[in-house]
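As structure tokens, the structure follows; a few thoughts come after it.
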Amino acid sequence: MKWINHTVTSYSSVSSVHTVIIPYESMLKNGEGAVVMITEKAVGQPVGTVVIVHGAGEHHGRYEWVRQQWQSHGFHVVTGDLPGQGRTTGRRGHISSFAQYVDTIKQWVLEAQEYSLPVFLFGHSMGGLAVITTVMKEPPVVDAIRAVALSSPCLALYHPINKGLDRLSRILNVTLPTVRFHAGLKPQNKTRNQMVLARDEQDPLLVEAVSVRWYRELVEAMTNAHAHAAHFPEIPLFVMQAGDDKIVEKSSVYNWFKEVGHSDKLYKEYPGLYHELLNEPEREDVFNDVLCYFQRLL
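The numbering used here puts the first residue of the sequence shown at 634, with every later residue one more than the last.
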């Protein structure tokens, strides 16, 4: 890996564009494209490494504030853009298999281990589902991490598609799997933070259309997560759920949490907050919760 000089949009200020040095950026081969991975070092004495897995349609740039918070508290950060999203190459909004996400997370965790510090895995929304899938299928990842934190994990959709379209998607998944359709997510349902919504309107890296195959893989992953919840590995688990979530069905998240078959787990719901907890006006309080959770495990 190497240091690369990039001109990027600052996600702290929507209007500013400046040149920064991004440490250790690399492109990893994965399935149908090359996956962006970045590593950012902690400020001061490092105490651990956090792997951040973003949600559907977004990219690691939307987590600039979160990454800076981790760094300022002594955590290295490993993250990137999942297959089909952000600056990762390949068909936008498409995967051939959910295993591509699992393979990507495995690579990021492997990179995090290079620091020889406790590794923590954080996933938001669909990224949370990908984290669940990864730790349930990959024992080496479980052995490598200290704990898992999930933010509004996608374990059921608040607005599932109707039965007719679902049946059609099963047919198209065989005949035309790369056909894309608009995901139908309303930006105003993501967060109450107007600055974030204004920023997103100018973000060319957001993906609004997904393939039929992507949708079918999502449904299968959600189904499997619920079916095997009792076998979730015995690692510390913190689930943070938006109380006014209009993207993920929060009752399914809590039901999954209850089925997890060990006691070293914590569930917290945030009344009135929208889906993107770490973009909400109260994000500092939310971040402090997950920070304290990880810190007590150091």
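Ideal Cβ positions, reconstructed from N, Cα and C, are used throughout, including at glycine.
Computed from a predicted model, the values in this text were never measured in an experiment.
With 16 other Cβ atoms within 10 Å as the buried cut-off, status of residue i
i    : result
D833 : buried
G876 : exposed
M828 : exposed
T808 : exposed
E853 : exposed
T824 : buried
A831 : exposed
S758 : buried
Q835 : exposed
E913 : buried
R906 : Residue identity differs from the one stated: residue 906 is Leu in this sequence, not Arg. Looking at its Cβ environment, which holds 16 or more other Cβ atoms inside 10 Å, L906 is buried.
G760 : buried
G797 : exposed
C-alpha distance - residue i paired with residue j, whole-angstrom precision
i    : j    : result
P772 : H861 : 15 Å
R770 : H859 : Here residue 770 turns out to be Lys, not Arg, going by the sequence shown. Looking at the two C-alpha atoms, the distance is approximately 14 Å.
V843 : A816 : 6 Å
P866 : G677 : 33 Å
R800 : D918 : 42 Å
R720 : Y696 : 15 Å
S705 : H895 : 32 Å
L743 : T682 : 11 Å
T818 : C925 : According to the sequence provided, residue 818 is Leu. The question's Thr does not apply to it. Computed Cα separation, rounded: 32 Å.
T856 : E909 : 23 Å
S659 : P716 : 14 Å
N638 : E673 : Any reading at N638 needs caution, since the residue's pLDDT is 32, under 50, leaving its predicted position unreliable; the model's value is listed next. Each residue's alpha carbon lies about 14 Å from the other.
P793 : T766 : 21 Å
D922 : H709 : 18 Å
L930 : N795 : 43 Å
S802 : Y887 : 28 Å
N822 : G688 : 14 Å
E892 : R724 : 36 Å
E882 : V668 : 29 Å
Y849 : F731 : Looking at the sequence itself, residue 849 is Arg, so the reference to Tyr does not match. So the alpha carbons of these two residues sit roughly 9 Å apart.
Q733 : G694 : 20 Å
K739 : E902 : 28 Å
T737 : P904 : 33 Å
P837 : T722 : 14 Å
Extent of the continuous alpha helix (DSSP H) to which residue i belongs
i    : result
K674 : K674 -> no alpha helix (DSSP H), and no H or E assigned at all.
S784 : Where S784 is concerned, there is no enclosing alpha helix (DSSP H), although the beta strand (DSSP E) it sits in stretches over 780 to 784.
V711 : No alpha helix (DSSP H) holds V711; the beta strand (DSSP E) holding it covers 708 to 713.
G760 : 759 to 770
G797 : 796 to 808
V881 : Per DSSP, V881 belongs to no alpha helix (DSSP H) and is neither H nor E.
R832 : 827 to 834
F927 : 916 to 928
R813 : First-last for R813: 813 to 815, but that is the beta strand (DSSP E), not the alpha helix (DSSP H).
L738 : Correcting the residue type first, residue 738 is Ile in the shown sequence and not Leu. Start and end: 732 to 745.
E697 : 697 to 705
Residues near residue i by beta carbon distance below 6 Å, same chain, minus five either side
i    : result
L870 : V781, K898
V872 : L783, F890, Y900
R916 : none
S885 : L788, A789
A745 : T682, V684, V711, V752
K879 : Y791, N822
H692 : D714, Q718, G719, L838
7 Å CB neighbourhood of residue i in its chain, flanking five on each side removed
i    : result
W889 : L788, A858, H859, A862
L805 : V812, V845
G726 : G717, R813, V840, A842, V843, S844, W847
P820 : L830, D833
N826 : N912, E913, P914
Distance between beta carbons of residue j and residue i, contact taken as under 8 Å
i    : j    : result
Q874 : S785 : 6 Å
V764 : L790 : No, V764 and L790 are not in contact; Cβ-Cβ is about 18 Å, not under 8 Å.
L851 : G690 : In fact, because the Cβ distance is near 12 Å, the residues do not count as touching under 8 Å.
F927 : Q702 : So it is not a contact: roughly 12 Å between Cβ atoms.
Sequence-distant residues of the same chain with beta carbon closer than 8 Å to residue i, five excluded per side
i    : result
V768 : L754, V774, V775, I778, V781, F865, P866, I868
W741 : M670, V684, V686, V711, T712, G713
G707 : A675, V676, G677, Q678, P679, V680, G681
V735 : A763, T766, T767, K770, E771
L911 : Y696, W698, V699, H757, S784, V919, F920
L750 : P679, V680, G681, T682, H709
N-terminal and C-terminal residue of the beta strand (DSSP E) that residue i is part of
i    : result
K898 : 898 to 903
V843 : 842 to 844
Q874 : 870 to 875
I685 : 681 to 686
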